Amino acid sequence: MQIINSPTQAMAPRWSADHLRLHQQLLRQPLLLPQGARLLLAVSGGQDSMALAGLLLDLKRLHHWCLHIWHGNHRWRQEANQQAEQLLQWAESQEIESHCDSWQTPIHTEAAAREWRYSCLEKQAKALACSHVLTAHTATDRSETVLLHLARGSHRKGLASLSSARTLVENITLVRPLLCFSRSDTSRICAELGLPIWLDPSNTDPRFSRNRIRAEVLPVLEQLHPGATRRIAAMAERFEAEEESQQQLLDLALQTLLGADQKLKRRELMAIGQVNRELLLLNWLQRQGVEPLGVEQLNQLWPQLEISRGANQMELAKQQILSWNKHYLWLINPPLRWGDGGAGDYLPQFEQLPELQA
């Protein structure tokens, strides 16, 4: 672990072009971080989250937020406990209420770590009555995500990932205020504001796909086309805006395809052109918390849904199952486990199987 700058350096009110940039963005989008809102900021100790913490602390006097800091100790490294302690000491020196969760059974995968973090953030936000949870994703993160989704064959919805705001759970909004900044910006901000940074060796570990995109792919694109990272992020932002403008029309169109219990009418769905059919199916799945299907999955699905074919199922992400008979499509969520949610066999789904034959 390497610490840049002093973790206990006090911060006086400051103003810079970066403060102005974020301040003006919040004035243009007043619902992003409303005046006087209770905010829970996820801080890893890296340059992005520390830059966000520093900017928000200085802007707090103008927006009157109640700011809380949350740190997740993944316990992936020996020095993780020491880093968590130093970060909490820094927060105390800035008179910010801070909270820390330690992962008791860590799993060394990006997906598992992300799921654990958001679970903790949701729980902490509810406990503190925070209406907004903030993460420090930047335009660079957005570009990396677009490239990963392109490589995986994502649908257009996947290319609009890392939106500036989305619903985390009911009454709690997840906000990413730094999408107009790059990683080079956050590095400079930390240096100019004298903010401490705790470097995490896992951010350069080539076992993680995002790190390889950051270290091997984006630099090549920048050499070939300077400014590529910024343009890729801007493209994702345009996709996000287009998705938002289409959403109301999709919601209206989807109402004509819904049957009892929010099931999707199979015959009516398959009578629509494929492009609009995909939009409506993905919108219906998104309503139920399903991650966007990839192009390959969609290409496998459509022949199976032809009216001449019978009942079947397709496994989706997170053990969810898309099931259909000759009349409807519906979603089967992961069944309950025995006990308290720990390891164990799934309960059988006998009660669901007869419907496949209908």
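Mapping the sequence shown onto the working numbering, position 114 (from 1) lands on 114, and the numbers just tick up by one.
Where a beta carbon is used, it is the ideal one built from N, C-alpha and C, also for glycine.
Note that the structure is a prediction, hence the values are computed from the model and not measured.
- Classification of W90 by the beta-carbon crowding that lies within 10 angstroms, buried from 16 upward: In the sequence shown, the residue the question calls residue 90 occupies position 90. Classification of W90: buried, given that the 10 Å Cβ count is 16 or more.
- Report the three-state DSSP secondary structure of G54 (helix, strand or coil). The count along the sequence shown starts at 1 and reaches residue 54 at position 54. If DSSP states are grouped into helix, strand and coil, G54 belongs with the helices.
- alpha helix (DSSP H) segments (min. 4 residues) lying fully within the region 178-213: 183-193 and 209-212
- Message: Here's the rule: buried if 16 or more other CB atoms are within 10 angstroms of the residue's CB, otherwise exposed. What is G344?
- Response: The residue given as residue 344 occupies position 344 in the sequence shown. Note on G344: pLDDT 36, under 50, position unreliable in the model; the coordinate value appears next. Label assigned to G344: exposed.
- Item | R14 vs L193 beta-carbon contact at 8 Å | Translated into positions along the sequence shown, residue 14 becomes position 14. Translated into positions along the sequence shown, residue 193 becomes position 193. Yes, the Cβ-Cβ distance between R14 and L193 is below 8 Å.
- Hey, P177 and L22: beta-carbon distance below 8 Å or not? Walking along the sequence shown from the start, residue 177 turns up at place 177. Walking along the sequence shown from the start, residue 22 turns up at place 22. In contact: P177 and L22 (Cβ atoms closer than 8 Å).
- CB S182 to CB E240, shorter than 8 Å? Indexing the sequence shown from 1 puts residue 182 at position 182. Indexing the sequence shown from 1 puts residue 240 at position 240. In this structure, E240 does not lie closer than 8 Å to S182 by Cβ.
- Message: Following a CB-centred definition, is R267 positioned closer than 7 Å to any heavy atom of the ligand NAD?
- Response: In the structure on display, the ligand NAD does not appear, and there are no ligands present to speak of.
- Given Q124, which residues of its chain have a CB within under 7 Å of its CB, disregarding the five upstream and five downstream residues? Counted from its first residue, the sequence shown places residue 124 at position 124. Hits under 7 Å: L40, W70 and H99.
- Message: At 3 residues or longer, what runs of the beta strand (DSSP E) sit wholly inside the region 100-173?
- Response: 132-134 and 165-169
- Out of S49, P201 and H132, which has the shortest C-alpha to C-alpha gap to Q78? Position 78 of the sequence shown, counted from the start, is the residue given in the question as residue 78. Considering only alpha carbons, the answer is P201.
- Query: Quick one: what's got a C-beta closer than 7 Å to D141's C-beta in the same chain, skipping five residues either side?
  - Reply: Residue numbering aside, residue 141 sits at position 141 when the sequence shown is read from its first letter. For D141, where only same-chain residues beyond five positions count, the Cβ hits under 7 Å are L162.
- Message: In chain order, what are the residue ranges of uninterrupted beta strand (DSSP E) at least 3 long that sit wholly in the region 264-316?
- Response: 312-315
- Task: State the Cα-Cα distance for the pair I307 and R267, rounded to the nearest angstrom.
- Result: On the sequence shown, position 307 is the one that residue 307 refers to. On the sequence shown, position 267 is the one that residue 267 refers to. If you take the alpha carbons of I307 and R267, they lie about 7 Å apart.
- Residues that DSSP places opposite G72 in a beta bridge: One-based indexing of the sequence shown puts residue 72 at position 72. D101, per the DSSP bridge assignment.
- Rounded to whole angstroms, what's the CA-CA distance from W302 to W324? Just pull it up for me. By 1-based counting over the sequence shown, the position of residue 302 is 302. By 1-based counting over the sequence shown, the position of residue 324 is 324. Distance between the alpha carbons of W302 and W324 is about 12 Å.
- Message: My output table needs one value for A241: the three-state DSSP class, helix, strand or coil.
- Response: Stepping through the sequence shown from its first residue, residue 241 is reached at position 241. Reduced to three states, the DSSP call for A241 is helix.
- Quick one: grab the DSSP three-state call for I364. This structure gives no information on residue 364, because the portion of the chain shown stretches from 1 to 358.
- Among A271, V146 and S44, the one whose alpha carbon lies nearest that of I232: Locating residue 232 in the sequence shown gives position 232, counting from the first residue. Measuring from the Cα of I232, the nearest candidate turns out to be V146.
- Item | Nearest-angstrom Cα separation, counted from L52 out to D185 | For the purposes of this step, residue 185 is taken as residue 185 along the sequence shown, with counting starting at 1. For the purposes of this step, residue 52 is taken as residue 52 along the sequence shown, with counting starting at 1. Cα to Cα, the separation comes out at about 11 Å.
- Message: Given a cut-off of 8 Å on the beta-carbon distance, is the pair L159 and A112 in contact?
- Response: As a first step, residue 159 is located in the sequence shown; it is residue number 159 there, counting from the start. As a first step, residue 112 is located in the sequence shown; it is residue number 112 there, counting from the start. Result no, Cβ atoms of L159 and A112 do not sit closer than 8 Å.
- Query: From L281 to N73, what does the alpha carbon distance come to, in whole angstroms?
  - Reply: One-based indexing of the sequence shown puts residue 281 at position 281. One-based indexing of the sequence shown puts residue 73 at position 73. Approximately 38 Å, taken between the alpha carbons.
- Message: With distance defined between alpha-carbon atoms, name the residue in P34, G54, A17 and S16 nearest to P196.
- Response: Against the sequence shown, residue 196 aligns to sequence position 196. Closest by alpha carbon: G54.
- Task: Count the other CB atoms, across all protein chains shown, that sit within 10 Å of the CB of H149; report buried if there are 16 or more and exposed otherwise.
- Result: Here residue 149 is taken as the residue at index 149 of the sequence shown, counted from 1. When all chains shown are included, H149 counts as buried.
- To the nearest angstrom, how far is it from the Cα of L121 to the Cα of M314? As a position in the sequence shown, residue 121 is number 121, starting the count at 1. As a position in the sequence shown, residue 314 is number 314, starting the count at 1. Straight-line Cα distance between these residues: approximately 31 Å.
- Can you give the beta carbon distance from E291 to R214, rounded, assuming they're within the 8 Å contact cut? Within the sequence shown, residue 291 is the residue found at index 291, counting from 1. Within the sequence shown, residue 214 is the residue found at index 214, counting from 1. Wrong, their Cβ atoms sit about 22 Å apart, outside the cutoff.
- Query: Where do the ends of the beta strand (DSSP E) carrying R38 lie?
  - Reply: On the sequence shown, position 38 is the one that residue 38 refers to. Note, R38: beta strand (DSSP E), R38 to A42.
- Residue range of the beta strand (DSSP E) that includes S93: Sequence index remark: in the sequence shown, residue 93 carries index 93 (1-based). Element bounds for S93: not the beta strand (DSSP E) but the alpha helix (DSSP H), A80 to S93.
- Query: Of the choices L218, H19, A42 and E115, whose alpha-carbon is the least far from that of A139?
  - Reply: Indexing the sequence shown from 1 puts residue 139 at position 139. Comparing Cα positions, the closest option is L218.
- Same chain, Cβ closer than 6 Å to K265, five either side skipped, listed in chain order: By 1-based counting over the sequence shown, the position of residue 265 is 265. So the qualifying residues of the chain are L257 and G259.
- Integer-rounded CB distance, given that I96 should sit under 8 Å from S131: In the sequence shown, the residue the question calls residue 131 occupies position 131. In the sequence shown, the residue the question calls residue 96 occupies position 96. No, S131 and I96 are not in contact; Cβ-Cβ is about 17 Å, not under 8 Å.
- Message: Considering only the alpha carbon of each residue, which of Q94, N203, L254 and A17 lies closest to S44?
- Response: In the sequence shown, counting from the first residue as 1, residue 44 sits at position 44. The shortest Cα separation from S44 among Q94, N203, L254 and A17 belongs to N203.
- Query: Between D101 and R166, what straight-line distance do the alpha-carbon atoms span, to the nearest angstrom?
  - Reply: The residue you call residue 101 lines up with position 101 of the sequence shown. The residue you call residue 166 lines up with position 166 of the sequence shown. Using only the alpha carbons, I get a separation of about 23 Å.
- What did DSSP end up calling H49 once you bin it into helix, strand or coil? Taking the sequence shown and counting its residues from 1, the one referred to as residue 49 is at position 49. Reading the sequence as shown, one finds Ser at residue 49 and not His. DSSP places S49 in helix when its eight states are reduced to three.
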